[in-house]
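No gaps in the numbering here: position 104 of the sequence shown is 104 in my numbering, and each next residue is one more. Just so it is clear, CB atoms sit at the ideal spot from N, CA and C, and this is done for glycine as well. Data first, discussion second: the structure below is written as structure tokens.
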Amino acid sequence: MEWDYFLNQVVANRAALVNGTAITFAVSLIAIMAGTVLGMVIGIAVTYGGKPLKWPARLHIDIIRGTPVLVLVLATFYVSSAVGLNLTAFQAGALALTLFCSSHVGEILRGALQSLSRGQIEAGRAIGLTFGSIFRYILFPQALRYALPTWITAAVEMVKASTLLSVIGVAELLLTTQQIISNNFLNMQFYLLAGVIYFLINFAIEQVGRFIGRRLDQATRKTV
1 MEWDYFLNQV VANRAALVNG TAITFAVSLI AIMAGTVLGM VIGIAVTYGG
51 KPLKWPARLH IDIIRGTPVL VLVLATFYVS SAVGLNLTAF QAGALALTLF
101 CSSHVGEILR GALQSLSRGQ IEAGRAIGLT FGSIFRYILF PQALRYALPT
151 WITAAVEMVK ASTLLSVIGV AELLLTTQQI ISNNFLNMQF YLLAGVIYFL
201 INFAIEQVGR FIGRRLDQAT RKTV
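Below is the structure:
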């Protein structure tokens, strides 16, 4: 039977599937973590920085968000080689997705910070707090709660965008699946399997985001 043959093929190609899934997970995790840190710096610079910080950060957001991910991946891979960086396909892909993620996180955090009342800054200064303390203890926790749902969406998009790394030869899950299909022609079955794996990765990200959200809510209630 065809499904028996499919199961045999899954077993035969299990090492390739595990490796492709691991690469997808690794490049997505790198992009999400590094992109989040860089995006926070960019979002803070756009919101509170002076012109020497604000305008380059704003330019980064506008250019990267306005560039298709596929173009960004290809540009990062080929430009890095042209300037002598000699990045591997995996490193170039991770860098491209990190830049893409940072532009979205920067804009998300900017929107969250600007939605907060500036009266909170004035109140903090009135009781002798520095801006650093005001940001750390008052502004950032609130902004994080507002930004978290959109951040989860951006993180999920990084997993989806990782499929584009196949164009530069990164053997992530999609390319691995296509290579397996080229040998056994079980298109529907293996694409369905890949879809299930992508769903599980994204579901895990959503659960982590919800866990962080619950912890933030608990911390907020304790401080009230």
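Supposed contact pair residue j and residue i - C-beta distance, whole angstroms, cut 8 Å
i      : j      : result
GLY106 : GLY49  : GLY106 to GLY49, Cβ: 12 Å. No contact.
ILE205 : VAL156 : 6 Å
ALA31  : LEU97  : 3 Å
VAL46  : LYS54  : 6 Å
GLY20  : THR177 : 7 Å
Segment limits, alpha helix (DSSP H) that includes residue i
i      : result
ASN19  : 14-48
ALA126 : 119-126
THR150 : 140-161
Backbone secondary structure at residue i - three-state DSSP
i      : result
VAL224 : Residue placement at VAL224 is poorly supported in this model, since its pLDDT is 47, which falls under 50; the coordinates are not used for a value here.
PHE185 : coil
LEU85  : coil
LEU129 : coil
THR76  : helix
PRO68  : coil
GLY169 : coil
LEU216 : helix
LEU200 : helix
Beta-carbon proximity list for residue i, same chain, < 6 Å, skipping 5 on both sides
i      : result
ASN187 : ILE181
LEU87  : SER80
For residue i, the nearest candidate out of the options (CA to CA)
i      : options                         : result
ALA194 : SER162, LEU85, ALA15 and LEU173 : LEU173
ASN8   : ILE201, ALA82 and PHE190        : PHE190
PHE6   : PHE211, ILE201 and ASN184       : ASN184
Spatial neighbours of residue i in its chain, beta-carbon cut-off 8 Å, leaving aside the 5 residues before and after
i      : result
VAL224 : At VAL224 the pLDDT is 47, less than 50, meaning the model places this residue with poor confidence; the figure from the coordinates comes in the next sentence. Within the same chain, VAL224 has no close Cβ partners at all.
MET158 : SER28, ALA31, ILE32, GLY35, LEU97, PHE100 and CYS101
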